[in-house]
Structure formats: structure tokens, C-alpha cells
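Asks:
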Amino acid sequence: MTTDIDWDNPTDPRPGSWQLDHVKQYVASNGSEGQQWNGTQTLLLTTVGRVSGKAVRTPLIYGEADGRYLVVASKGGDPEHPLWFRNLTAHPEVRIQVGAEILQGTARTANAEERAAYWPLMVKHWPAYDEYQAKTDREIPIVVIEPVG
Numbered sequence: 122m123t124t125d126i127d128w129d130n131p132t133d134p135r136p137g138s139w140q141l142d143h144v145k146q147y148v149a150s151n152g153s154e155g156q157q158w159n160g161t162q163t164l165l166l167t168t169v170g171r172v173s174g175k176a177v178r179t180p181l182i183y184g185e186a187d188g189r190y191l192v193v194a195s196k197g198g199d200p201e202h203p204l205w206f207r208n209l210t211a212h213p214e215v216r217i218q219v220g221a222e223i224l225q226g227t228a229r230t231a232n233a234e235e236r237a238a239y240w241p242l243m244v245k246h247w248p249a250y251d252e253y254q255a256k257t258d259r260e261i262p263i264v265v266i267e268p269v270g
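Sequential numbering from 122 applies to the sequence shown in the numbering used here.
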């Protein structure tokens with residue numbers, strides 16, 4: 122694990138965004154508020170900025186399979202990958218908060234077989250993922266986070 126990263130003081134989403142409000146609520150309540158959101162479940166993913174080298178926190182919908190956490194790099198079907206995904210492809214070490222639990226982990230992109238198995242699971246959590254995939258030419262990645270330690 123990278124030891125010089127300040128995991129406890131990450132950069133949060135931009136001021137005025139719903140994401141920042143979500144993160145603040147999640148953190149202030151130690152996950153008791155915010156983990157459940159719009160009929161699904163969310164976690165807070167902290168990645169290492171590929172340019173800045175600083176911790177950056179993002180709220181994301183998640184699923185679970187085989188003791189691992191799954192998140193979808195959809196960016197609403199945008200043609201570009203989200204920044205958090207580009208960060209973790211450069212630095213796979215991550216921290217997640219799931220409810221009150223905070224875990225270090227290693228993130229990787231699901232392989233083709235895993236993606237095929239996990240996509241329907243993630244669509245159950247957020248049906249719009251199918252719409253997002255239909256409106257972009259890129260294959261939307263699923264990220265597998267394996268807790269460590």
C-alpha cells in the first residue's frame with residue numbers, strides 16, 4: 122500500500138454538487154445516512170489522483186459478489202471514462218467506506234467473463250446502466266474491489 126497518501130483527508134466532489142452533499146451526509150452519519158440512496162446502495166470510493174497523487178473521494182452505487190465490491194464506471198453513458206476510473210487504472214490502491222466500515226482494497230477492471238456475470242447484478246441495483254451502455258460506444262467497465270488486510 123502507498124504509505125504517503127493522506128487517506129483520511131481526501132478531496133471531495135466539487136462544491137454545489139449533489140455528490141458533495143451525499144458524501145458529507147455519508148461521512149457525518151458514519152454511513153447510517155447515505156448508504157441507501159434512491160432505492161439502491163452506495164459506498165464512498167477513495168482513489169489516488171493520477172496527476173495530483175492526492176486522495177479523491179466519490180460516492181458510487183455498488184454491488185457485492187464473492188466477498189468483493191463492484192462498481193460501474195458509467196459516467197451516465199458519457200463517451201469518456203469517469204476520472205475516478207482513470208485514477209484507479211494508474212493507482213489500483215483504494216479505500217472504500219461501506220456504511221460505517223472503512224476498508225483498504227485493490228481495484229481492477231473485471232475481465233470479460235466477470236463483466237458478463239456481474240453486469241446483470243449491477244443492472245438490478247441501477248437499471249439505467251443498460252441505458253447508459255446503449256448510448257455510448259465504449260464498453261462501460263465494471264470495477265472489482267478486493268479488500269486487503
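Ideal placement from N, C-alpha and C gives every residue a C-beta, glycine not left out.
Would the segment 173-180 count as touching the segment 123-142 if we require 3 or more Cβ pairs under 8 Å?
Replies: yes
Asks: Look up Y239 in the DSSP assignment and say whether it is helix, strand or coil.
Replies: helix
Asks: Which residue marks the beginning of the alpha helix (DSSP H) containing E252, and which one marks its end?
Replies: 249-255
Asks: Assuming G184 and M243 are in contact, meaning their beta carbons sit under 8 Å apart, how far apart are those beta carbons, in whole angstroms?
Replies: With a Cβ gap of about 5 Å, G184 and M243 count as contacting.
Asks: So, using beta-carbon positions, are A221 and N151 closer together than 7 Å?
Replies: In contact: A221 and N151 (Cβ atoms closer than 7 Å).
Asks: So what's E234 in DSSP terms, helix, strand or just coil?
Replies: Look at E234 here: in three-state DSSP terms it is helix.
Asks: For the 8 Å Cβ check, are there 3 or more pairs between the segment 249-266 and the segment 188-205?
Replies: yes
Asks: Once the 5 residues before and after Y250 are set aside, which same chain residues still bring their CB inside 8 Å of it?
Replies: V193, S195, W240, M243, V244, I261
Asks: Quick one: using the 10 Å Cβ neighbour count with 16 as the cut-off for buried, is W247 buried or exposed?
Replies: buried
Asks: Expressed to the nearest angstrom, what Euclidean distance is found between the alpha-carbon atoms of S138 and Y147?
Replies: Each residue's Cα considered, the two are about 14 Å apart.
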